[in-house]
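Under the numbering used here, residues 11 to 593 are what the sequence shown spells out, in order.
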Amino acid sequence: MVNVFDRLNAHASDSFVGRYFRLEGSDHPKERIGSRFTTEIRAGLTTWAAMAYIISVNAAILSDSGGTCVCTSETDPVCLSDETYLSCVNDVRNDLITSTAAITALASVLEGVLANLPIGMAPGLGLNAYFTYSIVGFHGSGVITYREALAAVFLEGWIFLSLSLLGIRQWLVRIMPQSLVLGIGSGIGLFIALIGLSANGLGVIGGDTTNFVGLGGCKPEDWISADLPNYCARGVLQSPTMWLGIFAGGFLTVLLMLYRVRGAILIGVFLTSIISWPRPTSVTFFPHTDAGDVLFDYFKKVVTFHPLTKVGNTIDYNYGNGRVWYALITFLYVDILDTTGVLYAMAKFAGLRDPVTMDFENSTWAYCVDAFSISMGALMGTSPVTAFSESATGISEGGKTGITAIVTGLAFFVSVFFAPIFASIPSWATGGALVIVGSLMIRNVREINWNYIGDSVPAFLTIIIIPLSYNVAYGVIAGILSYLILNGLPWVIRKLTNDYIVPPNMESSEEWSIPPGGMVPSWMSQLGERLNIIEKRSEPHPSASSMNMEMSSRENVNQSTKSLEGMHLGVKGKPSAIQYMQR
């Protein structure tokens, strides 16, 4: 018996939507096997649930810069005790909640419509921390102002757009050795899992004043100090919220996935959130504290819209300041490696990579959307927008087309008006989902060439440095440099010794070659093909008059032939002159 969902999927596949997004059953020559309309919707909601934390987290990090607020205290350079300044910073934070949700909605919808990829876009973690603490500084104590930093981000987007149209960003991935590409995907998986285990997730892993990391999961009263959250002096692994996230958001989700329950990750996130909302519990998201009261008062509004009064269109285009260019160059090389690596890893995870060219479908559109969103985000007061690794949660739910990204974007658009609800999804509700997705992405390590140390060590360095540095770009840089050294020097020695000194097992190394496809970007190739088709169609055809003349000449020839045939017999029984000549 065909249920309502099957009928809906069949109707969607037969429609324009199905053919545009290449749903299974749409009869598109490149339809994506396994893509179903209802599955895409569920995957989009799952991606949104995994990304929703960015609304509050990004606002909290960027507001630490002070935004457009000005500290005028002579005795307190960062205005920690200035109530007027702190009130202004709180207004900046509320502005950034709106702008974060808005730019995430815009970027994700564009990614789905134009690039047809199941990837959500949002202001990136790591980049926002670099923007705040290294460039602008805490409460504006850095090298340039908040407005000038936005100018650097704005120009970065347009530079990225040029690089994308020229195909340079695509080539950075296409020429990368396969072992490094696989290492990037695996490293991002570990990175996601680490986020899920840290204070931004379950809180199992915490800080440590002696070691690099330590066990967390302690109650706030057991922290070393209020300035060091999740640095446990005692009582590790005793936080009720941590155990709620582990069992409701973690084990329950895995059990549902074992039985292939659709929307398992989404169920785990929502169930954990609902349990965390009532106040008189030990796992509440709204404790009876000053901060908890502020969160709960905001939560009770349910529906509200906060206009941008502090951060909207506040760019200071002061490109004469050399430090702005320093920030711009830094943003460029960090963001180009970060975003390019994440986009490629997510496309590969979704099975959308071309095994011949090593590129992924609609890569030019994907990179252009990313670049455009960076500049638009700067106008809204946010740090650079990037592809989100949490998109893997939706992909693991079956998302394969741009419908997933569109649903994610629409959910964030709703979040603009329901920000009190969506900003109240606890970090421990999504932590388990991130760990699960990380375990799915780490499967890439099976395909790495572990038989040759020149391939395995660069891949391993990429995998391990991405989570430990909390930055995808640093892992990519480490992998590329180590690969060039470990494979470049043996190649030079081999050439200098005329193949006399060669690593013993070099035959097991991964063969590196430039993938086919040429330097011309895919959009230029497609444009050239279409122009050739148009040119062929516009070639002049024989005119009607010439065709009539040709037909009349043929008729004259036929009539002449018939008249000659009538002359074949001149005298009865004797051949005519014509017949004689033919003989």
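We put the CB at the ideal spot given by N, CA and C, even for glycine.
{"Check": "Local Cβ density within 10 Å of Thr319, reported as buried at 16 or more and exposed below that", "Outcome": "exposed"}
{"Check": "Three or more C-beta pairs below 8 Å linking the region 335–347 and the region 160–167", "Outcome": "yes"}
{"Check": "Run of the beta strand (DSSP E) containing Met516, from where it starts to where it stops", "Outcome": "From DSSP, Met516 is part of no beta strand (DSSP E); its letter is neither H nor E."}
{"Check": "Bridge partner(s) assigned by DSSP for Trp233", "Outcome": "Cys242"}
{"Check": "Minimum C-alpha distance to Ala59 - residue among Ile487, Ser519, Val455, Trp438", "Outcome": "Trp438"}
{"Check": "Helix, strand or coil at Ala359 according to DSSP, with G and I counted as helix", "Outcome": "For the record, residue 359 in the displayed sequence is Phe; it is not Ala. Phe359 falls in the helix class under three-state DSSP."}
{"Check": "Counted within 10 angstroms of its Cβ, other Cβ atoms place Gln180 as buried (16 or more) or exposed", "Outcome": "buried"}
{"Check": "Alpha-carbon spacing of Pro230 relative to Ser292, whole angstroms", "Outcome": "12 Å"}
{"Check": "Contact check, Pro133 vs Ser434, beta carbons under 8 Å", "Outcome": "no"}
{"Check": "Per DSSP, cross-strand counterpart(s) of Thr374", "Outcome": "Looking at the DSSP assignment, Thr374 forms no beta bridge with any residue, so it has no partner."}
{"Check": "Beta-carbon proximity of Val395 to Gly387, cut-off 8 Å", "Outcome": "yes"}
{"Check": "Any chain C beta carbon closer than 8 Å to Leu496", "Outcome": "In summary, chain C is missing from the structure at hand, where a single protein chain is found."}
{"Check": "Residue interval of the beta strand (DSSP E) (run including Thr403)", "Outcome": "Per DSSP, Thr403 belongs to no beta strand (DSSP E); it is in the alpha helix (DSSP H), 401–406."}
{"Check": "Rounded straight-line distance, which links the Cα of Thr114 to that of Leu389", "Outcome": "13 Å"}
{"Check": "Own chain, CB closer than 7 Å to Val123, minus 5 neighbours either side, in chain order", "Outcome": "Gly412, Ile416"}
{"Check": "Segment contact, 8 Å Cβ cut-off, at least three pairs: the region 189–205 with the region 440–459", "Outcome": "yes"}
{"Check": "Val395 (DSSP reduced to helix, strand or coil)", "Outcome": "strand"}
{"Check": "Opposing strand residues paired with Leu225 [DSSP bridges]", "Outcome": "Ile215"}
{"Check": "Own chain partners of His21 with C-beta closer than 7 Å, once the 5 adjacent residues on each side are dropped", "Outcome": "none"}
{"Check": "Contiguous alpha helix (DSSP H) assignments of at least 4 residues, all confined to the region 39–124", "Outcome": "47–61, 63–73, 93–120"}
{"Check": "Through-space distance from Thr374 to Phe306, alpha-carbon basis", "Outcome": "44 Å"}
{"Check": "Nearest-angstrom beta carbon gap, Ser399 and Val352 [assumed within contact, 8 Å]", "Outcome": "6 Å"}
{"Check": "Contact under 8 Å by Cβ, Asn240 with Gly255", "Outcome": "no"}
{"Check": "His149 classed as buried or exposed, judged by whether at least 16 other C-beta atoms fall within 10 angstroms", "Outcome": "buried"}
{"Check": "Pair within 8 Å by beta-carbon distance, Ser286 and Pro430", "Outcome": "no"}
{"Check": "Ser23 versus Arg29: straight-line alpha-carbon distance, rounded", "Outcome": "7 Å"}
{"Check": "Residue range of the alpha helix (DSSP H) that includes Pro477", "Outcome": "463–479"}
{"Check": "Nearest-angstrom Cα separation, counted from Gly77 out to Asn331", "Outcome": "19 Å"}
{"Check": "Beta-carbon proximity of Ser73 to Val102, cut-off 8 Å", "Outcome": "yes"}
{"Check": "Per-residue DSSP class, three states only, for Ala132", "Outcome": "strand"}
{"Check": "Close-in-space but distant-in-sequence residues of the same chain around Asn138 (CB under 7 Å, 5 per side omitted)", "Outcome": "Asn68, Ile71, Leu72, Ser393"}
{"Check": "8 Å contact criterion, which Val313 and Phe428 should meet: CB distance rounded", "Outcome": "6 Å"}
{"Check": "Beta-carbon spacing of Glu520, Tyr462 below 8 Å", "Outcome": "yes"}
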